[in-house]
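From first to last, the protein sequence lines stand for chains A and B.
Mapping to UniProt numbering: the first sequence position 282 is 282, numbers consecutive.
Mapping to UniProt numbering: the second sequence position 297 is 297, numbers consecutive.
Heads up, the beta-carbon is just placed ideally off N, CA and C, and yes, glycines get one too.
There are 2 protein chains.
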Amino acid sequence: MNYFSSDFKLGILGGGQLGKMMLYETRKFDIHTKVLDPSKEAPCKISCNEFQQGDLMDYDTVYNFGKNVDVLTIEIENINLDALEQLEEEGIKVYPPSQTLRTIQNKATQKLFYIDHNIPTAPFSRFAHTSEIEDSISNGGMEFPFVWKCTKFGYDGQGVKVVRSLKDLDGLPNVECIAEKMIPFKNELAVIVVRNPSGQVATYPVVEMEFHPEANQVEYVICPARIDEKVAEKANIIALKVSEKMKHIGVLAVEMFQTKDDQILVNEVAPRPHNSGHYSIEASYTNQFEQHIRAILDLPLGNTASKVAGIMVNLVGAEGHTGNVVYDNMEEILKMEGVTPHIYGKKQTRPFRKMGHVTIVNDDIAKARKIAEQVKGTIKVISE
Amino acid sequence: MNYFSSDFKLGILGGGQLGKMMLYETRKFDIHTKVLDPSKEAPCKISCNEFQQGDLMDYDTVYNFGKNVDVLTIEIENINLDALEQLEEEGIKVYPPSQTLRTIQNKATQKLFYIDHNIPTAPFSRFAHTSEIEDSISNGGMEFPFVWKCTKFGYDGQGVKVVRSLKDLDGLPNVECIAEKMIPFKNELAVIVVRNPSGQVATYPVVEMEFHPEANQVEYVICPARIDEKVAEKANIIALKVSEKMKHIGVLAVEMFQTKDDQILVNEVAPRPHNSGHYSIEASYTNQFEQHIRAILDLPLGNTASKVAGIMVNLVGAEGHTGNVVYDNMEEILKMEGVTPHIYGKKQTRPFRKMGHVTIVNDDIAKARKIAEQVKGTIKVISE
């Protein structure tokens with residue numbers, strides 16, 4: 001099929017910031033795109049060829065949207081999978097396949113998948129309802145602390161809570177969930193794997209998520225990770241195994257923990273371009289969005305190596321600010337070396353909302369790290 | 001002014017491939033854009049916030065378009081300048097200023113500008129009509145060979161002809177023109193200078209246009225130029241002088257000849273992102289389009305250095321092909337290392353039409369040069 005002709009149509013489910021960054025690449029290759037998103041203010045609304053407002057969880061909406069495209073991809077996992085399955089049966093190329101998404105959409109299913117395929121992951125228990133956890137504790141089947149995770153619709157840290165005592169269970173929704181053993185880890189790592197339908201596979205260098213020492217929140221994504229080469233190799237092998245078993249097509253971000261004794265445990269995966277790969281726009285030979293497009297169109301994959309070291313800082317809404325967004329001190333960070341801000345185009349800020357990110361690139365990773373800290377301390381996402 | 005708010009509007013005159021690449025950057029910074037172009041199939045039609053179809057040479061169209069924006073820029077020089085002057089008087093920020101464009105729009109005026117400011121350029125004569133050249137030759141005032149250039153609307157090699165004998169004058173339009181001494185040169189070089197209203201100035205590394213040994217057509221733009229450091233320094237100083245005297249704002253591409261005896265002569269300039277800077281998208285810390293946006297918004301300029309060596313190959317329509325475009329062997333070039341195609345989105349090809357470009361980046365410029373040759377020999381822009 002000639003992707004570079006106007007006869008070809010690529011459908012994208014979801015029109016948020018990931019889709020927006022994907023569209024830079026479809027524009028570069030002049031690929032005709034059609035986007036479905038529930039919001040009429042979706043960042044993807046411009047830059048795509050056709051935009052449709054609609055519910056991503058609604059069977060008919062997704063089915064009707066998808067049946068008129070040649071290849072269908074996603075930028076968010078919460079999609080009506082029955083519609084995707086039907087589209088696959090009718091010959092539409094859905095990448096990642098519905099099967100991959102089904103494994104991932106439910107966190108319990110995802111964890112069981114790792115167990116079934118002998119992929120190292122933190123021990124966990126599955127509960128049909130949160131209320132059952134208390135029984136398990138009194139029976140000695142569970143110990144504090146653990147991480148409670150809602151199995152469905154967990155996205156961007158919603159539906160996750162560290163439980164240190166019975167009291168912490170108060171107020172949690174009484175839904176299907178998992179309770180995962182809390183693993184003290186040295187580092188949180190991620191590897192982006194890319195795979196095309198012809199079977200070509202490649203991995204990006206291991207990245208490191210550096211946490212704020214007090215807030216326990218990811219502050220920086222650093223590429224390459226400042227870890228031992230053997231640990232990086234281990235992480236790479238495990239990510240490749242996850243990719244192989246999941247039979248995904250496109251980009252797959254594999255998030256992992258490096259434990260105190262240098263074990264690698266898989267935390268969770270995202271079968272799409274991911275926050276941990278945003279650095280690649282400025283730092284890599286082929287960024288994750290172009291790579292995803294290459295993969296789902298079954299084009300040859302690009303070079304995943306880096307030109308320079310890259311660090312990403314998320315721009316999230318400051319606490320105490322809700323309303324029309326203002327990027328305070330933007331000009332100050334533009335003065336700093338190798339700094340590129342990405343503004344997602346959401347008009348309203350609220351505390352911790354992802355509003356954009358900033359990439360810092362430099363030949364010298366230590367310099368980049370210092371500049372990243374200055375960026376973090378300078379720009380503020382506030383309201384008018 | 002807060003550029004990163006929806007109250008701000010950036011107007012772009014012209015909606016071709018340069019505008020299209022500029023829009024990647026306005027999207028990245030979430031800057032509200034409005035584009036004017038005569039074609040309803042302009043590559044910029046999507047990705048801008050507002051598109052208007054209209055004549056760029058019509059006073060009323062340009063004036064009415066411009067009076068509703070805060071900053072107005074161009075991606076093509078042939079614009080109604082009286083409208084721009086009026087807009088400037090009314091307080092619209094027009095970058096580059098109409099004065100810069102007035103100097104450039106007429107090639108005789110541009111050449112005289114170089115003479116007036118003691119900027120080295122090839123000797124030339126100005127003629128009100130092409131027919132006057134013959135008299136000048138018979139009077140001994142002109143010698144073959146020379147380069148005939150129409151003073152107006154010269155763009156992309158149209159309106160330029162090498163004249164080796166009287167016969168070559170046949171068929172040329174009888175218009176205002178210049179006849180320029182043909183300078184045997186070693187290299188054609190270019191330097192991109194960027195300047196913001198606050199007076200911050202920066203230059204990109206000198207690039208080299210490598211010509212096809214027989215066809216006398218630019219085949220590759222190579223950054224950095226493979227020339228002596230002293231020559232590069234000289235080119236840089238002259239480009240800075242042109243920039244200073246022209247009082248442009250934004251990006252200015254200064255094209256120069258390196259003569260056999262290592263003199264630098266200014267050929268011509270373009271006060272906008274330019275073909276000679278396309279390599280910067282993949283190779284530079286700050287690409288020329290982002291840099292242009294930073295400059296015209298009076299933001300701090302970005303780093304102009306390169307991360308890696310970059311080579312650009314233009315994708316022009318193959319001879320003998322007119323009609324719906326096909327990019328033959330696209331998949332083959334995507335297999336090559338560090339290769340990024342840019343497809344401008346013009347649906348129809350014709351011989352020598354600029355349809356896209358390909359960038360090749362590599363740590364090693366010699367390797368990049370080899371791959372560029374493979375790219376050039378592989379991809380073909382043909383019709384269906």
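Is residue i helix, strand or coil by DSSP?
i                      : result
B:His-342              : strand
A:Lys-335              : coil
A:Ile-382              : strand
A:Tyr-155              : A caution first: A:Tyr-155 carries a pLDDT of 46, below 50, which makes its placement in the model unreliable, though a value can still be read off. In the structure shown, A:Tyr-155 sits in coil (DSSP, three-state: anything other than H, G, I, E or B).
A:His-274              : coil
B:Met-330              : helix
A:Thr-304              : coil
B:His-292              : helix
B:Lys-28               : helix
residue 386 of chain B : For chain B, the structure presents residues 1 to 384; residue 386 of chain B sits outside this window and is missing.
A:Leu-172              : coil
B:Ile-264              : strand
A:Tyr-220              : strand
A:Ala-42               : coil
A:Lys-186              : strand
B:Asn-236              : helix
A:Asn-324              : strand
A:Phe-352              : coil
B:Ser-136              : helix
A:Leu-36               : strand
A:Ala-309              : strand
B:Pro-225              : In the sequence as displayed, the identity of residue 225 of chain B is Ala instead of Pro. Coil.
A:Ala-253              : strand
A:Phe-124              : strand
Since residue i meets chain A, which of its residues come closer than 8 Å, beta carbon to beta carbon?
i         : result
B:Phe-289 : Near B:Phe-289 there are no residues of chain A at all, since even the closest Cβ is about 12 Å away, more than 8 Å.
B:Pro-300 : Glu-331, Leu-334 and Lys-335
B:Arg-294 : Leu-334
B:Val-361 : Tyr-285 and Lys-307
If residue i and residue j are in contact, beta carbons under 8 Å, what's the gap, nearest whole angstrom?
i         : j         : result
B:Asn-303 : A:Gly-338 : 6 Å
A:Asn-275 : A:Val-221 : 7 Å
A:Val-266 : A:Val-242 : 6 Å
B:Asn-63  : B:Leu-87  : Asn is not the amino acid found at residue 63 of chain B; the sequence shown has Tyr there. Between B:Leu-87 and B:Tyr-63 the Cβ distance is about 6 Å, and since that is below 8 Å, they are a contact.
B:Val-162 : B:Pro-173 : Actually they do not touch by this definition, with Cβ atoms about 16 Å apart.
A:Ser-306 : A:Pro-205 : 6 Å
B:Val-191 : B:Ala-235 : 6 Å
A:Ala-283 : A:Val-361 : 5 Å
A:Arg-27  : B:Tyr-114 : Contact flag wrong, Cβ pair sits at about 38 Å.
A:Gly-11  : A:Lys-45  : No, A:Gly-11 and A:Lys-45 are not in contact; Cβ-Cβ is about 15 Å, not under 8 Å.
Could you tell me which chain B residues have their CB closer than 7 Å to the CB of residue i, listed as they occur along the chain?
i         : result
A:Asn-303 : Glu-337 and Gly-338
Whose Cβ in chain A lies nearer than 7 Å to the Cβ of residue i?
i         : result
B:Met-354 : In the sequence as presented, Met is not what sits at residue 354 of chain B; that position holds Lys. The contacting residues do not exist; B:Lys-354 stays about 14 Å from chain A at best.
What residue from the options has the CA that sits closest to residue i's CA?
i                      : options                                       : result
A:Val-94               : A:Lys-9, A:Leu-265 and A:Glu-132              : A:Lys-9
A:Gln-258              : A:Ala-225, A:Gln-288, A:His-321 and A:Ile-31  : A:Ala-225
A:Ser-280              : A:Thr-378, A:Phe-124, A:Gln-52 and A:Thr-359  : A:Thr-359
B:Val-71               : B:Thr-103, B:Pro-43 and B:Lys-34              : B:Lys-34
A:Gly-320              : A:Val-163, A:Ser-39 and A:Phe-352             : A:Phe-352
B:Tyr-344              : B:Glu-290, B:Asn-118, B:Asp-30 and B:Glu-41   : B:Glu-41
A:Glu-244              : A:Val-201, A:Glu-268 and A:Ile-227            : A:Val-201
B:Thr-203              : B:Lys-370, B:Ser-165, B:Thr-61 and B:Cys-223  : B:Cys-223
B:Ile-382              : B:Thr-322, B:Val-375 and B:Asp-363            : B:Thr-322
B:His-117              : B:Phe-51, B:Met-246, B:Ser-39 and B:Asp-55    : B:Met-246
residue 387 of chain A : A:Arg-164, A:Glu-332, A:Ile-333 and A:Leu-315 : Since the first residue of chain A shown is 1 and the last is 384, residue 387 of chain A is not available in this structure.
B:Pro-43               : A:Gly-15, A:Gly-54, A:Phe-124 and A:Ile-31    : A:Ile-31
A:Glu-180              : A:Gly-141, A:Thr-151, A:Arg-164 and A:Pro-123 : A:Pro-123
B:Ala-105              : B:Gln-263, B:Val-254, B:Pro-271 and B:Val-175 : The sequence as given places Gln at residue 105 of chain B; Ala does not occur at that position. The candidate whose alpha carbon is nearest that of B:Gln-105 is B:Pro-271.
For a contact meaning CB atoms closer than 9 Å, what does residue i contact in chain B?
i         : result
A:Tyr-204 : The contacting residues do not exist; A:Tyr-204 stays about 15 Å from chain B at best.
Going along chain D in order, which residues have a C-beta closer than 7 Å to the C-beta of residue i?
i         : result
B:Gly-345 : Given the protein chain composition of this structure (A and B), no chain D is represented.
Problem - the region 40 to 58 of chain B: positions lying closer than 9 Å to chain A by Cβ - result: Pro-43, Ile-46, Ser-47, Cys-48 and Asn-49
Problem - Short-range partners of chain B found in the region 25 to 38 of chain A, where Cβ spacing is below 7 Å - result: Arg-27, Lys-28, Phe-29 and Asp-30
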